[in-house]
Structure formats: structure tokens, C-alpha cells
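**Q** When the letters of the sequence shown are read in order and numbered with my numbering, they come out as residues 242 to 585. In this text, a Cβ means the ideal position worked out from N, Cα and C, and glycines have one as well. Please read these numbers as outputs of a predicted model, since none were measured by experiment.
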Amino acid sequence: MQTRLQQLKENALALLKQVGEGQELQDLRVKYLGKKGELTEILRGMGGLSAEERPKIGQLVNEVRQVIEEAILSKQQEFEARVLEAKLNKQTIDVTLPGRPVPTGTMHPLSRIIEELEDIFIGLGYEVAEGPEVELDHFNFEMLNLPKGHPARDMQDSFYITEELLLRTHTSPVQARTMLKKEGKTPLKIICPGKVYRRDDDDATHSHQFTQIEGLVVGKDISMSDLKGTLLTFAKQMFGEDQQIRLRPSFFPFTEPSVEVDIQCVICHGEGCRICKQTGWIEILGAGMVHPRVLEMAGYNPQEVSGFAFGMGVERIAMLKYGIEDIRNFYTNDVRFLRQFNRS
Ligand SMILES: [Zn+2]
């Protein structure tokens with residue numbers, strides 16, 4: 242019986258050497274290890290052995306079974322490795338191929354400028370305040386010294402929703418709202434960025450919807466020189482250290498005195514060109530000392546406190562900074578335009 246087992250093992254190993262993949266290997270397993278296989282058959286015949294021989298043969302059968310099992314397993318792994326290798330050879334990856342770009346959005350140039358403006362003024366100790374775009378006539382005009390019938394209301398053709406409700410024509414109502422909330426307390430230093438609406442015909446430099454940033458400071462002994470210093474600091478940070486500003490007298494109902502503020506032309510640096518109409522200066526914002534009436538209506542005593550305010554169009558700043566010639570580019574959302582600002 243020992244010889245028979247030895248023979249069986251050698252036969253099995255010899256067959257395994259030349260066995261084919263898949264079913265052939267499976268058949269071989271059944272032939273030797275299956276329920277009706279040759280090893281099982283030997284085990285069944287052990288009944289005729291003596292009590293001495295039985296454990297020896299039993300052990301031998303187990304050894305042979307283990308050898309055959311291991312041989313089958315290693316053959317199977319060999320086949321699997323071969324399949325994997327063939328697959329890898331077939332699917333070569335060219336690592337030199339450029340990757341497929343994943344399209345990503347970019348920050349809108351207006352959002353960029355707003356962030357930059359906020360950074361500048363937060364650095365100067367300002368807080369950012371916001372208010373509603375659908376505003377009461379009361380806050381948009383009356384609280385800013387523009388009573389009903391005031392001729393200066395014509396400067397800002399408005400989109401009225403009802404008699405008393407309109408799309409805000411400037412961000413100044415946020416000033417009025419914030420001052421009221423402060424209940425006469427100082428100091429107050431805010432900037433208010435946001436969308437505003439006017440009944441303008443759209444062209445290269447006008448839009449019925451645009452973005453403003455308004456600034457307001459109220460406190461003791463606030464003077465015109467504080468305003469000028471603040472605006473000069475802003476101009477230098479936004480347009481470069483060598484920037485200069487120029488103040489010209491102007492009129493706004495909510496400030497007195499009022500000024501219009503120019504920066505040196507960013508194109509010709511003061512030499513004179515088409516953009517600055519040969520003057521060397523470009524107007525960028527309106528400003529002034531807060532009108533005593535406005536302070537009073539908002540709960541401040543103009544004998545004790547003073548303030549300055551300024552307001553600018555964000556589109557105008559962006560157009561000058563990035564050399565954009567048509568304001569409509571900001572709203573048509575042509576990706577070819579927007580992609581140019583992908584520099585973050
Ligand atoms: Zn110029």
C-alpha cells in the first residue's frame with residue numbers, strides 16, 4: 242500500500258507539471274482529492290489493514306494529500322500570475338501622455354476687486370456692513386438729505402417697485418441703517434460693498450446694475466485731512482505706491498463739503514492720453530464730509546461728532562486696474578473673458 246501511495250504521488254506530480262489551465266487542473270484535483278478520487282479510495286481500503294499499519298498508512302495518506310494540494314495550489318497561482326502578466330502587457334500605460342485637464346471656475350474679477358478693497362479697509366480698522374438691495378425710499382433718499390421732490394434725485398434715475406419701495410440706487414442706505422443701529426455711539430468705521438441699480442441705458446461705461454463700495458467714518462474730530470489720507474492710502478495700495486490723488490470740489494446732497502477724487506492716469510502716469518482725455522488724471526470716486534443733517538437724522542449731534550464718507554464704483558476700479566474697456570464684459574459671463582483672471 243505504501244508503494245501504491247508513492248506511485249500515486251509521483252503520477253500526480255508528473256501530471257501536474259504538464260497540466261493545462263482551468264478545467265484540466267480542476268479535473269486533476271477531482272481525480273486525486275475528490276470524494277471519489279484515488280486517495281479517498283485508498284482510505285476506504287484501510288479497513289483491511291492491521292491495527293499497527295493503519296495509523297502509519299493514515300499519516301502517509303495525509304502527507305501525500307498535502308503534497309498534491311500544495312502542488313495544485315502553486316500551479317493555480319502560476320496560472321493566475323500568467324494571466325495578470327498578459328493583461329498588464331496588453332494594457333500598457335503611456336506615462337508621457339499629458340493628463341486630461343479638469344475644468345475649474347475662476348474668481349470673478351469683480352469679486353476679486355471687492356475682496357481686495359475689503360482687505361485694504363479691514364487693514365485700516367474698518368468693518369464690512371451689508372444691507373438690502375430692495376430698499377425703502379426713506380433709507381435710500383430721505384435719510385441722506387434727499388427729501389421727496391429734491392432735484393438731486395434726478396441724478397439717480399431709480400427703479401421703483403411701489404411709491405415707497407425701490408431697488409437701491411447706491412450703497413449709502415447701509416450707512417444710514419448702520420448709524421441708526423449705533424444709537425449715537427462712536428467711533429464708526431464701515432465699508433459697504435454691494436449691488437446697486439439705476440435706470441441707465443447700458444453702453445461701454447454704463448450699466449443699469451453695478452457694484453459700489455461705500456465707506457463711512459464717524460467720530461470726534463474727523464476732518465477733511467483724515468479723508469484725504471485714507472483715500473491716498475487706498476489709492477497707493479490698489480494702484481501702486483507711487484500713486485497720487487487729486488481732490489476737486491463737487492456736490493452731493495449727503496456731504497458738505499463734497500469732492501470728486503482723481504488718481505493719476507494708470508495708463509500714461511500723468512503724461513496725458515486718450516483714456517484720461519489728455520488731463521493725466523482719472524476720476525475714481527466721490528467723497529466728502531458727512532452733511533450735518535444726515536448725522537442729525539441718524540441720531541448724532543453734529544456739534545460733537547463729524548464724519549467723512551466716500552463711494553466708488555467697483556467696475557470702474559476693476560476696469561482701470563485690469564485695462565477692461567467695456568463694463569458689459571463683467572455681466573455677459575463669456576468664459577474667454579473670465580478665464581483671463583485665473584491667477585490665484
Ligand atoms: Zn492717461
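Looking at V437: is its Cβ nearer than 7 Å to the Cβ of T471?
**A** The residue labelled residue 437 in the question sits at position 196 within the sequence shown. The residue labelled residue 471 in the question sits at position 230 within the sequence shown. In this structure, T471 does not lie closer than 7 Å to V437 by Cβ.
**Q** Provide the residue(s) that pair with K436 in DSSP beta bridges, ordered along the chain.
**A** Reading the sequence shown from its first residue, position 195 is the one you call residue 436. K436 is bridged to T452.
**Q** Among the residues of its own chain, which have a CB less than 7 Å from the CB of H391, if the five just before and after it don't count?
**A** For this step, residue 391 is matched to residue 150 along the sequence shown. Contacts found: P494.
**Q** Nearest by alpha-carbon distance to G527: which of A370, T412, K477 and D575 is it?
**A** Sequence index remark: in the sequence shown, residue 527 carries index 286 (1-based). Of the candidates A370, T412, K477 and D575, the one whose C-alpha sits nearest the C-alpha of G527 is T412.
**Q** Apply the 10 Å Cβ neighbour rule to M420 and answer buried if 16 or more other Cβ atoms are within range, or exposed otherwise.
**A** Locating residue 420 in the sequence shown gives position 179, where the first residue counts as 1. Classification of M420: buried, given that the 10 Å Cβ count is 16 or more.
**Q** Looking only at C-alpha atoms, which of D443, Y401, K423 and E371 sits nearest to P414?
**A** Here residue 414 is taken as the residue at index 173 of the sequence shown, counted from 1. The shortest C-alpha separation from P414 is found at E371.
**Q** Is the beta carbon of I565 within less than 6 Å of some heavy atom of ligand 1?
**A** Within the sequence shown, residue 565 is the residue found at index 324, counting from 1. I565 Cβ: outside cutoff for every heavy atom of ligand 1.
**Q** Name the two residues that bound the continuous beta strand (DSSP E) containing A255.
**A** Position 14 of the sequence shown, counting from 1, holds the residue named residue 255. Where A255 is concerned, there is no enclosing beta strand (DSSP E), although the alpha helix (DSSP H) it sits in stretches over Q243 to K258.
**Q** Is I516 near ligand 1, going by C-beta to nearest heavy atom under 6 Å?
**A** On the sequence shown, residue 516 is found 275 positions in, with the first residue counted as 1. Yes, Cβ of I516 sits closer than 6 Å to a heavy atom of ligand 1.
**Q** Going by the C-beta, is C504 closer than 6 Å to any heavy atom of ligand 1?
**A** In the sequence shown, the residue the question calls residue 504 occupies position 263. Note that residue 504 corresponds to Ile in the displayed sequence, not to Cys. Checking the Cβ of I504 against ligand 1 gives no.
**Q** Would DSSP call F380 helix, strand or coil?
**A** Along the sequence shown, read from residue 1 onward, the residue named residue 380 stands at position 139. Looking at F380 - three-state DSSP - the assignment turns out to be helix.
**Q** Is C433 near ligand 1, with its Cβ less than 6 Å from a heavy atom?
**A** Taking the first residue of the sequence shown as position 1, residue 433 is located at position 192. No, Cβ of C433 sits at least 6 Å from all heavy atoms of ligand 1.
**Q** Indicate whether F451 and E556 have their beta-carbon atoms separated by less than 7 Å.
**A** For this step, residue 451 is matched to residue 210 along the sequence shown. For this step, residue 556 is matched to residue 315 along the sequence shown. In contact: F451 and E556 (Cβ atoms closer than 7 Å).
**Q** With distances taken Cα to Cα, identify the nearest neighbour of D441 among I568, A312, E376 and R534.
**A** Reading the sequence shown from its first residue, position 200 is the one you call residue 441. Taking only the C-alpha atoms, the option nearest D441 is I568.
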